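Before any comments, here is the structure.
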Amino acid sequence: MAFQVNVTVDYIRAATSSSETSTIPAFAERTCATVTIGGINIAEALVSKGFATVIRYRQDDDQRSSHYDELLAAEARAIKNGKGLHSKKEVPIHRVADISGVRWISVSVWETQKAKQFLPFLQRAGRSEAVVEYVFSGSRLKLYMPKETCLITFLLAGK
Numbered sequence: 014m015a016f017q018v019n020v021t022v023d024y025i026r027a028a029t030s031s032s033e034t035s036t037i038p039a040f041a042e043r044t045c046a047t048v049t050i051g052g053i054n055i056a057e058a059l060v061s062k063g064f065a066t067v068i069r070y071r072q073d074d075d076q077r078s079s080h081y082d083e084l085l086a087a088e089a090r091a092i093k094n095g096k097g098l099h100s101k102k103e104v105p106i107h108r109v110a111d112i113s114g115v116r117w118i119s120v121s122v123w124e125t126q127k128a129k130q131f132l133p134f135l136q137r138a139g140r141s142e143a144v145v146e147y148v149f150s151g152s153r154l155k156l157y158m159p160k161e162t163c164l165i166t167f168l169l170a171g172k
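Here the working numbering is used: the first residue of the sequence shown is 14, the next is one more, and so on.
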C-alpha cells in the first residue's frame with residue numbers, strides 16, 4: 014500500500030510499572046501521533062465511521078491528541094447517526110471451523126474427523142487465499158481462510 018502519510022508526534026507517554034515494587038513496566042513507552050493522508054486525519058475518519066472510539070481524558074491531562082476536540086465531535090456524529098460500533102443492528106455471528114490441529118478426546122482417540130472432512134473440499138478448490146494468524150516457526154503457520162471460514166495449520170516442506 015504505497016501511501017504518502019504525514020505523522021505529527023503529539024506526545025510520548027512514559028512507561029508505567031504494574032506495581033510500585035516492580036521494575037517491569039506494565040506498558041512500554043509509547044509515542045502517540047496524528048497520522049494524515051492528503052490532509053485527512055485517519056483517526057478522525059475512523060471515529061466518524063464508527064470504527065473506533067475516543068479515549069476520555071481528565072480535564073487537567075495535557076497528554077492527548079492535538080485534534081482531541083475534533084475527535085470528540087466526530088464520535089458524537091457517529092453516535093447520532095448510529096454508524097459502526099454505535100449501530101443498533103445485531104452483530105453477525107461469524108463461525109470459524111478450527112481444523113488447525115488434532116484434539117485429544119480420550120487416552121487413545123484423537124479428533125481428526127473434521128480435518129479429514131475438509132481435505133477433499135480444499136484439494137478441489139485448488140488455489141486459495143489465506144491470512145497468516147500465527148507463525149509457530151519458519152515452516153509452520155496457522156492460516157485463516159476467509160472464503161472457507163476455517164483455520165488450518167500449514168507446513169512448508171520440500172525435497
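Note that the Cβ used here is the ideal one computed from N, Cα and C, for glycine as well.
The structure displayed is predicted, hence computed values, not measured ones.
Reduced DSSP category for residue i - H, G, I as helix; E, B as strand; rest coil
i	result
D73	coil
I68	coil
S100	coil
S150	strand
K172	coil
V18	coil
I55	helix
Classification of residue i by the beta-carbon crowding that lies within 10 angstroms, buried from 16 upward
i	result
I50	exposed
S79	exposed
R26	exposed
V148	exposed
E42	exposed
Proximity below 8 Å, CB of residue i to CB of residue j
i	j	result
V22	A39	no
L156	L164	yes
V48	V20	yes
L135	S152	no
Q76	Y24	yes
Residues sharing a beta bridge with residue i, DSSP
i	result
D111	L164
R43	R26
V145	L156
Legend entry - Any 3 or more C-beta pairs closer than 8 Å across the stretch 77-96 and the stretch 143-160: The stretch 77-96 is not in contact with the stretch 143-160.
Inset, instruction - State whether the stretch 61-72 contacts the stretch 97-106, with contact taken as three or more CB pairs (one from each stretch) at a distance under 8 Å. - result: The stretch 61-72 vs the stretch 97-106: in contact.
Legend entry - At least three beta-carbon pairs within less than 8 Å, the stretch 72-88 to the stretch 103-114: Output reads no: the stretch 103-114 does not touch the stretch 72-88.
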